[in-house]
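Numbering (the numbering used here), first residue to last: 649 to 1083.
Even for Gly, the Cβ is constructed at its ideal location relative to N, Cα and C.
For reference, the structure discussed in these notes is given below.
Encoded structure:
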């Protein structure tokens, strides 16, 4: 905590990097009207700050509930703000970055491209109620010394991550698929299809003029990709993407993930409602596209159908219904129709996103709201839980002998923040290492 320009972001990020913890930039969560006021050099009042503090409080609650170490930057100028943010004094600690008005004003005069105007600094000092229960760090010293003082004062230890990072600096990676020695995925908000090998060497396969969703391959080797907002399937022909199927009359809202079976039939889900626009939740559809590009509806009444998986015999399709917290199973008919709908697993408070079946028939599930990867047996028994670096949005088994679990993760799914933060990663772990 501290006034604007005291170094909260710089020190917080450096501390997070050294510890392998998550860094949460408080300024990212200001409502648009707050940003507009600060850009116009109008001080915020308590009413302005309350929705922001509520949002940060929820974020802190989530980190505690998920047992995730994190660093949050927030001015937290008043005692009442800090009392709201310190959800559990045994688990939330305040670090106050203290410096003189003159020194901080000099820093603000040098800072560019920030909505906080230097004219507001005096108002921040006027509002500031210095904490008497915080670790106080003087800012007139090198950042490394400040970070070391914080670590020593709070006896902070680096995180022990089970997964390793293969690629980082992505916007929002999704839809991982293993094929011919490469992990293919979409960097959704960068509007790219990318592939990477296990040495971390990557290349851009194609760039879209829309958000790319699920990936798959037709029997003749052509790549299929979901064009989300246009509600289409595209094929990659050489270096060009061409229309393959129009789903706009069948999908209630943006299309999402996809599974393509060995016969070239594509199963595509959609949102059903405007998730990021705050629209009320509605059920959605699952659309099957024949291998000649003809689409037809094969299931409806699904709650945000997301990742899909196919059993090894090819007879059963599993679908993650994200906001229903369940995995639903269907028998696949000879013509690709879906029958005998049933619940494969209830998942409690987990929101399943991308999924991948292992050779034993257990399901790996990315649950971003819990910041966990879950290995689940049919019926709902949780066999194992993994904590990756970021929130996991999808997973895929691949690598030599199909024993490497690849994970797409990020620290936000908000489109604007995903583009600016570039917190997306491809993580991996060899399942044999889990014992």
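- In the three-state reduction of the DSSP assignment, residue 876 falls in the coil class.
- The beta-carbon separation of residue 725 and residue 776, rounded to 5 Å, stays under the 8 Å limit for a contact.
- A distance of 9 Å or more separates the beta carbons of residue 757 and residue 1056.
- A residue is called buried when at least 16 other Cβ atoms come within 10 angstroms of its Cβ; residue 685 meets this threshold and is buried.
- Counting other Cβ atoms within 10 Å of its Cβ, residue 1082 stays below 16 and is therefore classed as exposed.
- Taken atom to atom, the span from the alpha-carbon of residue 827 to that of residue 692 is near 52 Å.
- Contact between residue 972 and residue 951 holds, with the beta-carbon distance rounding to 4 Å and staying under 8 Å.
- When the beta-carbon positions are compared, residue 948 and residue 933 come within less than 9 Å of each other.
- Residue environment: residue 960 is assigned as exposed (fewer than 16 neighbouring CB atoms within 10 Å of its CB, all protein chains considered).
- One alpha carbon belongs to residue 1014, the other to residue 1054, and they sit about 11 Å apart.
- Distance from the CA of residue 791 to the CA of residue 769, rounded to the nearest whole angstrom, comes to 21 Å.
- If you compare the alpha carbons of 731, 880 and 807 with that of residue 898, the shortest gap goes to 880.
- Contact between the region 981-995 and the region 1036-1045 is not established, with fewer than three Cβ pairs separated by less than 8 Å.
- In the displayed model, residue 1003 falls within a strand according to three-state DSSP.
- Residue 919 and residue 1016 have their C-alpha atoms spaced approximately 17 Å apart.
- Across the set 877, 876 and 872, the C-alpha of 872 shows the shortest separation from the C-alpha of residue 883.
- Spatial neighbours of residue 1003 in its own chain (CB-CB distance under 6 Å, excluding positions within 5 residues in sequence) are listed in chain order as 955, 957, 968, 1011 and 1013.
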